[in-house]
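Asker:
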Amino acid sequence: MEWLHLSPEEWIAVRLSIKVSIWATVASLPLGILIAYVLARKEFWGKAALNGIVHLPLILPPVVTGYLLLLTFGRRGPIGAFLDQNFGIVFSFRWTGAALACGVMAFPLMVRAIRLSIEAVDRKLEAAAGTLGASPPFVFATITLPLVLPGIIAGMILSFAKAMGEFGATITFVSNIPGETQTLPSAIYTFTQVPGGDLGALRLTLVSIVIAMIALVVSEVLARRVSRRMDIE
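Residue numbers are given in the UniProt record's numbering: position 37 of the sequence shown equals residue 37, and the series is strictly consecutive.
1. Taking V217 as the reference, which of V194, G200, A161 has the closest Cα?
2. Inspect the beta-carbon positions of G168 and V63 and report whether they are closer than 8 angstroms.
3. In its own chain, which residues sit with a C-beta less than 6 angstroms from the C-beta of L58, not counting the 5 before and 5 after it?
4. Would you report the Cα separation of W95 and V174, rounded to the nearest angstrom?
5. Check V104 in the structure and name its three-state DSSP category.
6. Does the beta-carbon distance from R115 to A40 come in below 8 angstroms?
7. Please report the distance separating the alpha-carbon of residue 237 from that of A24.
8. How big is the Cα-Cα spacing for residue 235 and L71?
9. Put A113 into one of helix, strand or coil per three-state DSSP.
10. Taking its Cβ as the centre, do 16 or more other Cβ atoms sit within 10 Å of I101, making it buried, or is it exposed?
11. Could you give the first and the last residue of the continuous alpha helix (DSSP H) run that contains H55?
12. Cβ atoms of T183 and A98: under 8 angstroms apart, would you say?
13. Using the C-alpha atoms, what's the distance from L199 back to F82?
14. Output yes or no for whether 8 angstroms exceeds the beta carbon distance between I153 and A215.
15. Is L147 near V111, with beta carbons less than 8 angstroms apart?
16. With A163 and G66 assumed to form a contact (beta carbons below 8 angstroms), what rounded beta-carbon distance in angstroms separates them?
17. Would you call V194 buried or exposed, if buried means 16 or more other Cβ atoms sit within 10 Å of its Cβ?
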């Protein structure tokens with residue numbers, strides 16, 4: 001079973017994928033909760049447009065999303081040049097860019113899961129707290145947020161899983177640089193392009209499946225624990 005042993009380069013790709021996926025999920029979570037709340041609770045002009053923009057990465061080809069990120073956040077892009085010149089932050093051809101690309105591609109799934117959870121909350125509970133003098137931020141923090149916690153967990157797991165499997169936008173925006181931007185999908189693609197790389201591709205495919213299954217199991221366990229705690233309370 002020696003063919004199952006990962007090489008140092010393959011371990012780097014695995015660790016980088018996990019690192020990129022975690023950062024993509026955690027960094028986009030606050031904005032995801034905010035956007036989900038706005039879409040679920042607020043009525044305003046342009047709501048349909050905002051909803052469309054949020055879900056656009058699900059419809060566009062990933063390569064198009066990656067190219068748009070390159071135009072916007074590249075060293076010559078308007079945002080990328082500003083961040084580089086003023087703060088020394090560079091996204092293009094860096095692992096941070098891979099995290100950005102993965103976060104953008106996974107963002108719609110996170111928002112969708114959280115929004116559905118917020119819409120399922122009984123608004124009478126929020127209204128009752130408001131009549132007792134609680135401010136909207138306090139109501140959200142003490143009533144709405146705990147009730148939608150299972151949805152937040154589900155959204156985070158979906159986002160993490162999507163980020164782990166993202167390929168098109170990532171390779172377009174940050175290329176396929178070993179040790180810097182070569183995530184699991186990129187490494188698998190590289191193995192399929194070289195003679196005798198089938199075993200390497202198979203090894204990393206199995207690793208991807210194992211990580212995805214672990215994420216799903218953890219999501220189920222956490223959701224059940226949260227539900228039980230809410231039922232007890």
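Each residue gets a CB set at the ideal place from its N, CA and C atoms; glycine is no exception.
Answerer: So, from the data block:
1. A161
2. yes
3. The beta carbon of L58 sits closer than 6 angstroms to the beta carbons of P108 from its chain, once the five residues preceding and following it are set aside; these are given in chain order.
4. 8 angstroms
5. Of the three classes helix, strand and coil, the one that applies to V104 here is helix, per DSSP.
6. yes
7. Residue numbering for the chain in the displayed model covers 1 to 233; residue 237 lies beyond these limits and cannot be assessed.
8. In the structure as shown, the chain starts at 1 and stops at 233, and residue 235 therefore has no counterpart that could be examined.
9. In the three-state scheme derived from DSSP, where H, G and I count as helix and E and B as strand, A113 is classed as helix.
10. The displayed chain sequence assigns Ala, not Ile, to residue 101. Result: buried.
11. 47-59
12. Against a cut-off of 8 angstroms, the Cβ pair of T183 and A98 comes out as a contact.
13. 44 angstroms
14. no
15. For L147 and V111, no; Cβs fall outside 8 angstroms.
16. Cβ atoms of A163 and G66 stay farther apart than 8 angstroms, at about 14 angstroms.
17. Exposed, because fewer than 16 other Cβ atoms sit within 10 Å of the Cβ of V194.
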